[in-house]
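S.K.: Below are the structure tokens for one structure; questions will follow.
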Amino acid sequence: MTLLKPVLLLALLFTISLTPAQDKSYATKIINRLASEVFDGRGYVNNGDIKAARYIASEFKNTGALPIGKSYLHPFKISINTFPDTVSVKVDGKNLKTAKDFMVGGGSKKTNGTYELVNIDTAELDNWEDINQYINNKVVVLPAAAEKDKRTYKLNAAGYIFTHKKNLYWRLSDAVEVKPYFYLHTYDSLINDSKVISVNVNNTFYENYRTANVMAMIEGSAKPDSFYVFTAHYDHLGRMGSEVFFPGANDNASGTAMLLDMARHYSKPMNKPEYSMIFMAFAAEECGLFGSEYAANNSPVALDKIKFLFNLDMVGSGSGGIGMVNAKVEPKADSLINAINDEKKYFSDIRSGGARCVSDHCAFARKNVPAIFIFTRGKEYMHYHTLSDSGPVPLTKWDELFNLLSDFMRLY
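Dropping the structure here:
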């Protein structure tokens with residue numbers, strides 16, 4: 187980094203006047219719209235994902251960014267389990283609040299019945315054959331850690347309740363198939379010493395659900411055949427029953443808004459980039475990174491023409507700095523980003539991490555595309571995979587992240 191700094195200092199001083207001033211009101215508008223009930227949580231109930239994809243495509247068109255091919259939409263198919271109808275749970279006759287007191291397991295089957303509860307400790311699972319003698323058609327209650335224990339599923343239970351001391355999150359990574367049982371997550375304080383549970387869960391499973399990525403591009407002025415790619419997933423968790431939807435304001439309406447904000451800026455003639463820019467808004471991240479996997483396997487441009495890829499996921503805070511996954515795999519880019527930040531003081535802290543397949547950069551990185559996944563950090567907005575991720579998203583370091591990415595494109 188020491189060798190880079192003298193050159194960078196001159197370059198950065200020169201580019202201060204070029205640093206774009208962003209209008210956060212546009213980003214806020216996009217985030218609020220995507221997080222509204224109009225899009226049903228951007229999941230697969232009521233075609234919330236496709237409604238959101240069409241909205242994003244219309245916004246790309248409004249910015250002046252061009253479609254890649256004949257359409258902004260690039261469809262593909264997934265298998266997905268959904269919960270469009272009744273989801274209700276009672277414990278000893280007391281109603282639990284959907285998505286607040288409990289979360290339905292993503293792969294749960296349709297269930298409507300009342301069951302006796304049996305508490306089991308993980309230490310007892312080695313004796314599963316003995317346990318099976320008295321749990322037939324009963325629901326077992328286990329600590330959350332038992333969900334990943336293979337012995338758990340040797341039990342002949344009608345269903346499973348996994349208990350947590352705090353922090354219930356919903357996830358869809360297990361929603362790509364339907365299990366032969368139902369399962370729920372709840373707080374141990376709500377289920378301890380309870381005798382009976384009544385469950386009514388209606389699911390709809392789609393083996394070949396048609397969703398779509400959204401892509402747009404801006405042609406470069408000097409090197410149109412070399413590309414900076416910016417990605418973000420637009421999907422979220424959708425609905426848990428007909429009454430409840432997950433807004434996903436920070437995760438990841440914020441990243442999607444950054445793509446549109448960049449497209450809006452760089453589509454203007456006075457801001458035309460030297461290299462071409464591609465924007466990819468992915469579907470099906472929450473259920474297994476399927477949108478980015480499809481895009482990497484069916485890339486609209488040769489992968490070796492991608493100069494660099496930034497994946498943006500949950501970028502609505504920033505008081506605590508940023509995290510960068512895969513940065514240690516890309517030392518040149520990592521050094522440049524840190525050098526820019528040293529000069530411009532955009533962020534109080536940058537944490538550079540290694541390779542982890544936790545977001546949409548992964549499919550491209552595995553194909554040797556230089557890529558980093560950036561997320562913002564900060565206690566001002568901690569909502570994740572709950573109903574409370576509804577905004578307002580503070581956008582604490584929105585301008586700074588935009589400017590960091592812009593500086594990187596000029597200097598890399």
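Each number in our numbering corresponds to the 1-based position in the sequence shown with 186 added.
Every residue, glycine too, gets a C-beta built ideally from N, C-alpha and C.
#1: Among Met401, Ala551 and Lys565, which residue has its Cα nearest to the Cα of glutamate 516?
#2: Could you pull out every residue in the same chain whose Cβ sits closer than 8 Å to the Cβ of histidine 350, ignoring the five residues on either side in sequence?
#3: Are there three or more Cβ pairs, one per stretch, closer than 8 Å when the stretch 464-475 is compared with the stretch 414-426?
#4: Are there three or more Cβ pairs, one per stretch, closer than 8 Å when the stretch 228-239 is compared with the stretch 388-404?
#5: Does the distance from the CB of tyrosine 258 to the CB of methionine 401 come in under 8 Å?
#6: Between valine 555 and valine 511, is the Cβ-Cβ spacing less than 8 Å?
#7: Can you give me the C-alpha to C-alpha distance between leucine 354 and lysine 256, rounded to a whole angstrom?
#8: Can you name the start and end residues of the alpha helix (DSSP H) that lysine 215 belongs to?
#9: DSSP state of serine 203, grouped into three classes?
#10: Methionine 510 by DSSP, collapsed to three states: which one?
#11: Which residues in the same chain as threonine 338 place their Cβ atom closer than 6 Å to its Cβ, once the five residues preceding and following it in sequence are excluded?
#12: One question on the structure: do tyrosine 420 and isoleucine 242 come within less than 8 Å of each other, judged by their Cβ atoms?
#13: Please say whether isoleucine 306 and valine 277 have beta carbons closer to each other than 8 Å?
#14: Could you check the C-alpha separation between alanine 245 and valine 273 for me, to the nearest Å?
#15: Starting from glycine 299 and walking both ways along the beta strand (DSSP E), at which residues does that stretch end?
#16: In the DSSP output, what is leucine 370 paired with across the bridge?
#17: Use the C-beta contact count for alanine 408: other C-beta atoms within 10 angstroms, 16 or more gives buried, fewer gives exposed.
#18: With burial defined as no fewer than 16 other Cβ atoms inside 10 Å of the residue's Cβ, what is the status of glutamate 393: buried or exposed?
#19: Specify, as a first and last residue, the run of the beta strand (DSSP E) that alanine 467 falls within.
#20: Hey, out of Gly299, Ala309, Glu315 and Phe269, whose CA is closest to glycine 293's CA?
#21: Contact defined as beta carbons within less than 8 Å: I believe leucine 573 pairs with alanine 285. What is the distance between those atoms, to the nearest angstrom?
#22: Whose C-alpha, out of Trp314, Ile523, Thr562 and Ile492, is nearest the C-alpha of glycine 504?
#23: Would you report the Cα separation of asparagine 281 and leucine 376, rounded to the nearest angstrom?
#24: Rank Thr308, Asp312 and Asn318 by C-alpha distance to the C-alpha of phenylalanine 348 and give the top, closest one.
#25: Alpha carbon to alpha carbon, how far is glycine 540 from alanine 344? Give it in angstroms, no decimals.
#26: Whose C-beta lies closer than 8 Å to the C-beta of glycine 477 among residues of the same chain, with five residues either side of it excluded?
#27: Measuring only the C-alpha atoms, how far is alanine 288 from aspartate 575?
#28: Quick check on the DSSP output: the beta strand (DSSP E) that includes asparagine 386 runs from which residue to which?
#29: Among Thr300, Val325, Ile321 and Gly502, which has the Cα closest to the Cα of lysine 565?
#30: Taking the continuous beta strand (DSSP E) assigned at histidine 419, which residues delimit it?
#31: Can you tell me whether asparagine 248 is buried or exposed? The criterion is at least 16 other CB atoms within 10 Å of its CB, across all chains shown.
#32: If serine 412 sits next to tyrosine 461, beta carbons under 8 Å apart, how far is it from one beta carbon to the other, in whole angstroms?
#33: Report yes or no: do the stretch 434-450 and the stretch 357-369 share at least 3 C-beta pairs separated by less than 8 Å?
#34: For a quick check, are the C-beta atoms of phenylalanine 496 and isoleucine 558 less than 8 Å apart?
#35: Specify the secondary structure class of leucine 423 as computed by DSSP and reduced to three states.
#36: Could you work out which residue in Val325, Leu311 and Glu315 is closest to glutamate 302 when comparing CA atoms only?
M.R.: On the basis of the data shown:
#1: Of Met401, Ala551 and Lys565, the residue nearest in Cα terms is Ala551.
#2: Closer than 8 Å at Cβ, skipping near neighbours: Ala330, His371, Thr372, Tyr373 and Asp374.
#3: Short answer: they touch.
#4: These segments touch.
#5: The beta carbons of tyrosine 258 and methionine 401 sit closer together than 8 Å.
#6: In this structure, valine 555 sits away from valine 511, with a CB-CB distance that is not shorter than 8 Å.
#7: Inter-residue distance for leucine 354 and lysine 256 is about 42 Å (C-alpha atoms, whole angstroms).
#8: Taken as a continuous stretch (DSSP letters only), the alpha helix (DSSP H) holding lysine 215 covers 210-220.
#9: Unreliable placement is indicated for serine 203, whose pLDDT of 46 sits below 50; no coordinate value is reported for it.
#10: Methionine 510 falls in the strand class under three-state DSSP.
#11: Closer than 6 Å at Cβ, skipping near neighbours: Ala332.
#12: Remark: C-beta atoms of tyrosine 420 and isoleucine 242 approach each other more closely than 8 Å.
#13: Going by C-beta atoms, valine 277 is not nearer than 8 Å to isoleucine 306.
#14: Note that residue 245 corresponds to glutamate in the displayed sequence, not to alanine. Whole-angstrom Cα-Cα distance: 34 Å.
#15: Counting along the chain, the beta strand (DSSP E) containing glycine 299 begins and ends at 297-305.
#16: Leucine 370 is bridged to Val290 and Ile347.
#17: Burial call: exposed.
#18: Per the 10 Å Cβ criterion, exposed.
#19: Counted as a single uninterrupted DSSP element, the beta strand (DSSP E) harbouring alanine 467 occupies residues 461-468.
#20: Cα-wise, what sits closest to glycine 293 is Phe269.
#21: At roughly 5 Å, the Cβ-Cβ gap stays under 8 Å, so leucine 573 and alanine 285 are in contact.
#22: Ranking Trp314, Ile523, Thr562 and Ile492 by Cα distance to glycine 504 puts Thr562 first.
#23: Each residue's CA atom was taken as its position, placing asparagine 281 and leucine 376 some 11 Å apart.
#24: Residue Thr308 holds the alpha-carbon nearest to the alpha-carbon of phenylalanine 348 among Thr308, Asp312 and Asn318.
#25: Cα to Cα, the separation comes out at about 41 Å.
#26: Excluding residues within five positions, the ones whose Cβ falls inside 8 Å are Phe262, Thr397, Asn399, His419, Asp421, Phe468, Ala469, Ala470, Glu471 and Asp546.
#27: Looking at the sequence shown, residue 288 is not alanine but phenylalanine. For phenylalanine 288 and aspartate 575, the distance between alpha carbons rounds to 17 Å.
#28: Per DSSP, the unbroken beta strand (DSSP E) holding asparagine 386 starts and ends at 382-387.
#29: Answer by Cα proximity: Gly502.
#30: Annotation for histidine 419: the continuous beta strand (DSSP E) segment containing it runs 409-419.
#31: By the Cβ neighbour-count rule, asparagine 248 is exposed, with fewer than 16 other Cβ atoms within 10 Å of its own.
#32: The Cβ separation is near 5 Å, so the contact holds.
#33: Because the criterion of three Cβ pairs below 8 Å is not met, the stretch 434-450 and the stretch 357-369 do not touch.
#34: In this structure, isoleucine 558 lies closer than 8 Å to phenylalanine 496 by Cβ.
#35: DSSP places leucine 423 in coil when its eight states are reduced to three.
#36: Closest in alpha carbon position to glutamate 302, among Val325, Leu311 and Glu315, is Val325.
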